[in-house]
Each structure stands twice: as C-alpha cells, then as structure tokens.
Amino acid sequence: MNLSEHRSKELLAQYGIPIPAGRFAETAQEAEARCREIDAKKYVVKAQIAAGGRGLAGGIRFAATPSAVRAEADAMIGKPLVTEQTGPVGQIVKGVYVEAAVDASQSYYVALLLDPETARPVLLASLEGGVEFEKSAANNPGIVRRLLLGGTSVKEITSFLSDLGLPDAEGAAGLIVKMEEAFVANDMLLAEINPLVAAPGGWLAVDAKVSLDGNAMFRHPELEALVEDQNLSPAEKVAQENEINLVKLDGNIGVVVNGAGLGLVTNDMLTKAGGVPANFMDIRTTATSFHISRGVQLLLEDPNVTIILVNVHGGGMTVCDTVAEGIAFAYSKAQRSVPIVARFAGQSADWAHKILSDRMLPVEKAANMTNAIERAVAKATGEAKR
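Reminder that position 63 of the sequence shown reads as 63 in UniProt numbering, one-by-one numbering, no gaps.
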C-alpha cells in the first residue's frame, strides 16, 4: 500500500525525521490560503498521488507567490497525472501538498527495503539523489551502496555512510536509525527519502515515499486513516475491503494467485509468453472463501477479461480448496462464464480441482505453472481474435 507524499512524511515525522514546512490542500483556494501559513520565500506545489515519477511528469511545480500557488494547484487538482509508475491511465490528483521550497546544491538518496533472504531491513544509499535518480541507478547500479540492518550499531552505519562519501555521516546515521524504527514499527515494505538534503539545521527529507505491507494492516488499525487516500479505483477499494491486494492492469487475462511473489512471477511469465495480464492479484493469508469470491467477482465484472488464470500454491493459512470454493461461489453469482485455466499445487490441490469440476465450471486443469501460462495465453489470444 503506497502512501502519498504528505502521508509518508506525516508518518516519518512522527519518528523525528525532519521535513520542510508544508500543508495539504484539496482545492486551489485552500492551497493559496494554506501557503500563507508557511514562512517561505518560494513554494513548491506537489500533486498528491500514491505513485512516484511526479517530477518528470509535471506533478511538482514551483511558485513564488500565493496567487501563483493557487494557479499551479488549479492546474493539477481533479486532473489525471500520468507517470512512469501510474500506468497509462494515470491517477486523479485529489489534492496538493504546498511546501517551502528548499534550495540544495546536492541531493542524496536513502531508502530502506525488506531484504527477502533475511527478512531484515536493508539500507540503500547513494550520493546521486533527485528526480533522475532511478534513471541514473539503472544506467549505473554502482552508484547505490547497500548495508543490511537489524542490530546494526550507529557506529557501523556512520562508517558505511562515511565510506560512501556522505557529509555529516554521523548526523545521517541518526536519521537512518529513526527510519529503521519507523520501518519496523509500521511493517513497511519501503521507506524512501529522495532527495535527502543537507540543510543549515541538519538533514532534511525533501520528498518521501512509504509503502506499507497490506498483509500486516490488521496490526495497525491506527494507520487506516493514512491508507484511505491511496487513489484506488472502485474495484481496488472493494478488493482491499476483502483481504485482496488488487492492481488493475490493461490486459485480458484475469490472474488469481496467493502471494505477492507468485503474482509477480505469474504476470512476468504471462508477459514473456505473449499474454497481457488484466490485473495483479494477491490473496492475503487472512482471506476467507467469501473474500476470494468477491475478488474473483471483480474479474468477472471486468468486460476486458476473457480468460481467468488461477495459479495457487496451497499451504499455511491458505489451502487450495478454500480458493476453489471462492471461485465456485463467484461463478454461481456471475452474469457470464469466463473460461478458467487452473493450476493448483500443494495442500488440497486435488480436492480443489475436483470442486471446480463438480460445480461444472468451464475449467481446464493445468499440470504445472508453465503449462498453465501457455494455455491461458493461447486461450486469451484466441478469444481476442474473435
């Protein structure tokens, strides 16, 4: 769950991470009024969406006066903003964050991610931050250094940052410690500060992005207000309410999987095989068959979906027959019967296939993941040619 910039900063600031003075506004008039509360010589008006890449897409603009702030806000609020991370449809800008502009001769990059091998936070740091960071890092991965955290002392972090060449490494290490505290306490998947700048009073997080682990939200009812403004589509909101992580895409193959990693691999394999996924779906471990049914219904209600690929590995808290029951229930209520290619593996796999067959669903059983991908793409391509 990606938070918008002002929500990300609000959360990080609670742990003592310095941020520029800023105000959120939902209208152009409010933006003008709120910026008058900020003691600054120049302002920056930032579109608030739950995706990055705003700077290169015109979503971050500078203004010298309150009336100019109003004009820039009016040009953005209520309109779609398309960035490299939003997809072609973009996201509607529901508000702007007006902030004191910060002059910086040098921008830096720091981020915490969850290391998949150790389940510990890992620090990424670079001397080259700013709007071009991702492009620079892609062209030259060597500009990013990595340090595994979790029990790491301030002295070790300071040494790492000093070796990197960061000025005031000790001060920056103190900021990293606060980031780690926020990261762990809130079950974050990403905490990113870009750019990080050295201001006269110390380090300053000029921009920030936080992604929370949706599977852990049951532990954080206090964060519900923060995730309400994720700019989700109606279908994605319904999915969130039903223990499903869903991202709408542009293809015609509806994808049902359990696990974010399995979802990413499935979509990558579909794309490589010539198919186009209609969505990314992750059935959370807490989902019941009724939750799963609602998620499948969302796919059946999408007129672009001509085939549904089920790729499920049963085990732990989600067994295959629970998923199959959810699918069968969704089809019993649906207005159309979309063909299914189903690959079940792990706990209760055979029973899951039997459930779909016994309920007379239009299902083709796949022997393995590769077979499932091939058959789904073949069916989707054939359907598209009709």
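The beta-carbon is built from N, C-alpha and C at its ideal position, and this holds for glycine as well.
Under 8 Å, with one C-beta from each stretch per pair, do the stretch 86-95 and the stretch 163-175 reach the 3-pair mark?
no
In the stretch 245-311, which residue ranges form an unbroken beta strand (DSSP E) of at least 3 residues, counting only runs that do not cross its ends?
253-257 and 279-283
Out of GLU30, THR322, ALA119 and ARG145, state which residue places its alpha-carbon closest to the alpha-carbon of GLU128.
ARG145
Quick check on the DSSP output: what are the complete beta strand (DSSP E) runs of length 3 or more inside the stretch 28-98, in order along the chain?
Here the runs fully enclosed are 43-47 and 60-63.
With ILE193 as the anchor, note down where its beta strand (DSSP E) starts and where it stops.
188-199
If you draw a straight line from the C-alpha of VAL102 to the C-alpha of ASN194, how long is it?
Distance between the alpha carbons of VAL102 and ASN194: 13 Å.
For LEU12 and ASP115, what's the separation of their Cα atoms in angstroms?
20 Å
ASN186 beta carbon less than 9 Å from that of VAL210:
yes
Can you look up ASN371 in the DSSP assignment and give me helix, strand or coil?
helix
To the nearest angstrom, how far is the alpha carbon of LYS379 from that of ILE307?
When rounded, the distance between both Cα atoms is 7 Å.
Residue from LEU148, ALA40 and ASP250 with nearest C-alpha to VAL305
ASP250
Should the stretch 152-161 be called in touch with the stretch 130-137, which here means at least 3 C-beta pairs below 8 Å?
no
DSSP-derived helix/strand/coil call for THR158
The answer is helix: DSSP assigns THR158 an H, G or I state.
If you compare alpha carbons, which of LYS79, ALA68, THR286 and TYR97 is closest to ALA21?
Cα-wise, what sits closest to ALA21 is TYR97.
Between the stretch 291-305 and the stretch 324-340, do at least 3 Cβ pairs fall closer than 8 Å?
yes
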